[in-house]
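**Student:** One structure is given below, represented as structure tokens, and several questions about it will come after.
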Ligand code: PEP
């Protein structure tokens, strides 16, 4: 019912030429893919060149890893949503835990960015997820509730068609430690329930919820077999064309 999404977050990796090469390999690997949306998020510097290099009728969609919440102005170092559209992006990742933790982004700022990105015509991949300390101290559901409710504040049900949620437990990002399929399913079904409460059941049934946190070729199938896991946001493994191709070709057959 929900088309799965496999998205690669390249973080601060790849020069322009390297990015074009990897994007072309990903694009080639989608030639035989069916029923899966594929998104890649190269660094800002490579976006427009990657957009030019991807075949116009191809299957790979382009995301940025961040944007600012204003359209233009004196915001040194920031990038406006419309600039990303101009560079060829269809999506933007917002609220990644590295932005929250290393750059102090609050739920309020992420919400403003979400509105600005949607207003500019971008689709948003909104990341949420608890730290290990929050999980171990029993605050996981509270944190997920705050990040979801505040991140999506003021959006209409129609705008939710342009939003994808990525549940990324912080303790699983870049650590090689993946949430078990059961842990992922528990969080995803909780978040879907939250969205039903914030909007309505049809919105919650439509929204794609991706899992992120050390997704690899050898664990993607188990994660994707969960009812409420609609895809993956992949960091490290998206930098290797073969690994990402295997992840795109996940199999939920027993
Ligand atoms: C991420 O940064 O979104 C991520 C999930 O990274 P990794 O797959 O490397 O854990």
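Residue numbers (my numbering): 3 to 256. Just so it is clear, CB atoms sit at the ideal spot from N, CA and C, and this is done for glycine as well.
Excluding the 5 residues preceding and the 5 following residue 74 in the sequence, name in chain order all residues of the same chain whose CB lies nearer than 7 Å to its CB.
**Tutor:** Answer for residue 74: 82, listed in chain order.
**Student:** Does ligand 1 have a heavy atom nearer than 8 Å to the CB of residue 100?
**Tutor:** Yes, Cβ of residue 100 sits closer than 8 Å to a heavy atom of ligand 1.
**Student:** Beta carbon of residue 62, beta carbon of residue 40: below 9 Å?
**Tutor:** Taking 9 Å as the Cβ cut-off, residue 62 and residue 40 qualify as a contacting pair.
**Student:** Within 8 Å: the Cβ of residue 133 and any heavy atom of ligand 1?
**Tutor:** Residue 133 Cβ: outside cutoff for every heavy atom of ligand 1.
**Student:** Distance, Cα to Cα, residue 179 vs residue 231?
**Tutor:** Computed Cα separation, rounded: 18 Å.
**Student:** Verify whether the separation of the beta carbon atoms of residue 11 and residue 43 is less than 9 Å.
**Tutor:** Taking 9 Å as the Cβ cut-off, residue 11 and residue 43 qualify as a contacting pair.
**Student:** Can you give me the start and stop residues for the beta strand (DSSP E) that residue 15 sits inside?
**Tutor:** From DSSP, residue 15 is part of no beta strand (DSSP E); its letter is neither H nor E.
**Student:** At what residues does the beta strand (DSSP E) containing residue 43 begin and finish?
**Tutor:** From DSSP, the beta strand (DSSP E) with residue 43 extends over 39–43.
**Student:** Could you check the C-alpha separation between residue 201 and residue 250 for me, to the nearest Å?
**Tutor:** One C-alpha to the other measures close to 30 Å.
**Student:** Tell me where the alpha helix (DSSP H) around residue 149 begins and ends.
**Tutor:** 142–153 is the span of the alpha helix (DSSP H), which, as asked, contains residue 149.
**Student:** To the nearest angstrom, how far is it from the Cα of residue 226 to the Cα of residue 220?
**Tutor:** Their backbone Cα atoms lie some 12 Å apart in a straight line.
**Student:** With a threshold of 8 Å, establish whether the CB of residue 235 neighbours any heavy atom of ligand 1.
**Tutor:** True, at least one ligand heavy atom lies under 8 Å from that Cβ.
**Student:** Taking 8 Å as the cut-off, is the C-beta of residue 97 nearer than that to any heavy atom in ligand 1?
**Tutor:** Incorrect: residue 97 has no Cβ contact closer than 8 Å to ligand 1.
**Student:** Can you find a heavy atom of ligand 1 that lies under 8 Å from the Cβ of residue 69?
**Tutor:** Outside the cutoff, so no.
**Student:** Under 6 Å Cβ to Cβ from residue 247, same chain only, skipping five residues before and after it: list those, please.
**Tutor:** Within the same chain, residue 247 has close Cβ partners 31.
**Student:** Here's a check: name, in chain order, each residue in its chain whose Cβ is nearer than 7 Å to the Cβ of residue 109, leaving out the five neighbours to either side.
**Tutor:** Closer than 7 Å at the Cβ level, and outside the excluded window around residue 109, lie 148, 149, 152 and 153.
**Student:** Report yes or no: do the region 128–145 and the region 84–93 share at least 3 C-beta pairs separated by less than 8 Å?
**Tutor:** The region 128–145 vs the region 84–93: no contact.
**Student:** With respect to 8 Å, is the separation between the Cβ of residue 186 and the closest non-hydrogen atom of ligand 1 below this value?
**Tutor:** No - ligand 1 has no heavy atom lying nearer than 8 Å to the Cβ of residue 186.
**Student:** Return the chain-ordered list of same chain residues with a C-beta closer than 6 Å to the C-beta of residue 229, the five sequence neighbours on each side being excluded.
**Tutor:** So the list is empty, once near-sequence residues are dropped.
**Student:** Cβ-heavy atom distance between residue 240 and ligand 1 below 8 Å?
**Tutor:** Residue 240 Cβ: within cutoff of ligand 1.
**Student:** Considering only C-alpha positions, which residue in the set 15, 6 and 211 is nearest to residue 241?
**Tutor:** Answer by Cα proximity: 15.
**Student:** How should residue 52 be labelled, buried or exposed, when 16 other C-beta atoms within 10 angstroms of its C-beta is the threshold for buried?
**Tutor:** Answer is buried; the Cβ neighbour count reaches 16.
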